[in-house]
Structures are given as C-alpha cells and as structure tokens.
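Heads up: the structure comes next, in structure tokens.
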Amino acid sequence: MLSHYERMRSGQWYDANYDAAILAKREEAKAKAHRFNQVAPTDPEAGAEALADLLGPLPEGLEVMAPIYVDYGDNVRFGRHCFVNHACYFMDGAAIEFGDHVFIGPYCGFYTAAHPLTAKPRNAGLEQARPITVGSDCWFGANVSVMPGVSIGSGSVIGAGTVLTKDIPENSLVMGVPGRVIKTIDQDQVNLFTNDF
C-alpha cells in the first residue's frame with residue numbers, strides 16, 4: 242500500500258491535511274525555508290547552503306531572493322541561470338520544473354494542488370497534485386499564478402497578474418485572467434522594450 246506522500250508524487254488523490262508524515266514533511270520544509278529566509282544578504286555562502294538544504298543540489302547561476310515559500314522543496318527543480326524574485330511560492334506536491342534562463346518576478350505562485358469541487362471530500366483533506374513544467378528562456382512578470390498541470394513553452398513571456406489555467410505554446414506573450422496568448426514572439430527580432438504590457 243502506498244503512503245500518502247507516494248500517492249501525492251504519483252498523481253493520485255491523497256490526504257493533504259491529516260496524514261502525519263505529510264504534515265511532518267511540510268513542517269520540515271517550512272523550517273528549512275525559514276532558515277534560508279533569515280540569512281543576511283551579505284552572506285551568500287550561507288544563503289546557498291541553506292537553499293541547497295531546502296531544494297537539493299543547486300544549478301549554476303541560480304539566484305533566489307528571500308523570502309521563498311514551498312510545501313516540500315524537494316519537488317522544485319531549476320535549470321541554469323534562473324532568477325526568482327522576492328516572495329514567490331512553490332506549492333510543490335507534484336514536480337515544478339524550470340528550464341534554463343527563467344526569470345520569475347515577485348509574488349508569483351506555482352500551484353500543483355487540485356481540490357475536489359464538492360465540500361465533503363475537500364473537507365476530508367483530499368488533494369491531487371499535478372506537475373507544472375516551464376521551458377527555457379521564459380519571463381514571468383509580478384504576481385503571476387500558474388495552476389495545476391500547466392506546461393509553458395520555452396521563450397514565453399507572462400504578463401504581470403496573469404492566471405495560467407491551460408498549457409501555453411512556445412514563444413507566447415500571455416496576459417489576462419485567465420491568461421490568453423496575445424501574440425507569438427519572434428525570437429529572431431531584437432526587441433529591447435515592449436509596449437504590449
């Protein structure tokens with residue numbers, strides 16, 4: 242019989258609210274995140290050590306601004322040269338994976354948890370985790386929300402305040418609630434500024 246943590250990792254419904262092992266893992270992650278969030282910005286070595294304790298091995302060039310919030314930490318994977326601005330939340334019941342050169346603005350949230358529509362199973366703590374995948378060379382403006390199971394193609398730009406509920410093709414400029422593709426980005430065109438926001 243699978244544990245609730247194993248059920249979570251395999252995409253099955255699991256007890257997110259009352260299972261002792263799940264709760265202990267989240268408390269451990271909170272403590273590790275708190276440790277990272279308290280490190281002085283003038284001590285990058287201590288910051289990197291605390292971040293590696295939270296997320297596992299760190300890729301080249303990863304920069305994360307405190308505070309960061311996670312549910313477990315071990316389900317978040319960044320590529321090389323990613324940047325995460327202040328106060329981002331990674332609800333990582335399922336994998337949240339980023340390619341290389343991803344820029345994430347402040348107050349962004351990546352939410353893998355889905356809940357039952359009806360109250361009785363939801364109140365019983367049932368939850369299902371669906372993975373989020375982000376390609377390389379993406380940019381998230383401030384306060385973007387990415388919902389469970391969404392994949393975002395490489396080269397995409399997500400405007401501030403957007404809520405992503407569906408998969409996004411490569412090289413898309415996306416804005417709105419819910420997010421919709423405004424245009425396809427021509428990566429061969431040099432455009433230092435945009436008036437599309």
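Under the working numbering, the first residue of the sequence shown is numbered 242, with each subsequent residue one higher.
Note that beta-carbon positions come from the ideal geometry of N, C-alpha and C, so glycine has one too.
- Here Thr403 is buried: its Cβ has 16 or more other Cβ atoms, across all protein chains shown, within 10 Å.
- In this structure the stretch 334-347 touches the stretch 368-376; the number of beta carbon pairs closer than 8 Å is three or more.
- Take the alpha-carbon of Ile263 and the one of Thr425: they are about 41 Å apart.
- Between Ser397 and Ser413 a beta carbon distance of about 5 Å is seen, short of the 8 Å cut, so the two are scored as contacting.
- In this chain, the beta strand (DSSP E) harbouring Gln369 covers Leu367 to Ala370.
- Secondary structure of Tyr352 (DSSP, three-state): strand.
- The Cβ atoms of Leu358 and Ser386 lie no closer than 8 Å to each other.
- With a minimum length of 4 residues, the unbroken runs of alpha helix (DSSP H) contained wholly in the stretch 260-323 fall at 261-279 and 285-296.
- Under the three-state reduction of DSSP output, Lys361 falls in the helix class.
- In this structure, Pro347 lies near Ala383, with their beta-carbon atoms less than 8 Å apart.
- Residue pairing by DSSP places Arg250 opposite no residue, since no beta bridge is assigned to it.
- For Phe339 and Val305, the gap between their C-alpha atoms comes out near 13 Å.
- Taking every protein chain shown into account, the CB of Lys361 has fewer than 16 other CB atoms within 10 angstroms, so this residue is exposed.
- For Phe381, the closest of Lys266, Asn316 and Asn326 by C-alpha to C-alpha distance is Asn326.
- Taking a contact to require three or more Cβ pairs closer than 8 Å, the stretch 296-305 and the stretch 316-323 qualify as touching.
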